[in-house]
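To start, the structure itself, in structure tokens.
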Amino acid sequence: MGGLYGEGALREGSKTVGYYNTVAASYGLQAGIQKYGYALFFMTDAAFAYLDRSDGWEFGVGPSIVIVDEGMAKSLTSTTLKDDVYAFFFSHQGLMAGAGLQGSKITRIEK
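In the numbering used here, the protein residues as written are 1152 to 1262.
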């Protein structure tokens, strides 16, 4: 079993318009510990609207999410940005390996 928790801000231009937390759980063969950050980019108005009207936005439910790795990020153009949400991971620290199932939930919080 594994777990994850983090908090972040939703930015529109130069303004912070909301705060969210992410809670995730995983099950399977896994070992290690890691710390990282990520940014989600909403590519459509529909994906952004779903974030506001959902009671806890889950990966795998709602808009499609593309996780962009380092190699792919170098070749992104306006032509390739056709999906609803892109996730960019950064500031990786630690080491984690495993195979299993994971679910994440993003919920609006008050600060």
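We put the beta carbon where it would ideally sit given N, CA and C, even for glycine.
| field | Residue range of the unbroken beta strand (DSSP E) whose run includes G1153 | value | Your numbering for residue 1153 matches position 2 in the sequence shown. Where G1153 is concerned, the enclosing beta strand (DSSP E) stretches over 1153 to 1163.
| Of the listed residues L1202, I1184, S1255, G1245, nearest to F1192 (C-alpha basis) | Working through the sequence shown from its first residue, we reach residue 1192 at position 41. Selected option, being the one with the closest Cα: L1202.
| task | Assuming Q1185 and G1249 form a contact by the criterion Cβ under 8 Å, report the distance between their Cβ atoms to the nearest whole angstrom. | result | As a position in the sequence shown, residue 1185 is number 34, starting the count at 1. As a position in the sequence shown, residue 1249 is number 98, starting the count at 1. Not really, about 11 Å apart at Cβ, beyond 8 Å.
| said: Using 8 Å as the threshold, is the C-beta distance between G1207 and T1258 below it? | reply: Within the sequence shown, numbered from 1, the residue matching residue 1207 stands at position 56. Within the sequence shown, numbered from 1, the residue matching residue 1258 stands at position 107. Yes, the Cβ-Cβ distance between G1207 and T1258 is below 8 Å.
| field | Contact set for Q1244: own chain, Cβ-Cβ below 8 Å, skip 5 residues either direction | value | One-based indexing of the sequence shown puts residue 1244 at position 93. Excluding positions up to five away in sequence, the list reads Q1185, K1186, Y1187.
| field | Span separating the alpha-carbon of V1236 from that of A1197 | value | On the sequence shown, residue 1236 is found 85 positions in, with the first residue counted as 1. On the sequence shown, residue 1197 is found 46 positions in, with the first residue counted as 1. Going by the C-alpha atoms only, they are around 10 Å apart.
| request: Note the first and the last residue of the continuous beta strand (DSSP E) segment covering G1207. | output: As a position in the sequence shown, residue 1207 is number 56, starting the count at 1. That residue, G1207, is in no beta strand (DSSP E); it is neither H nor E in DSSP.
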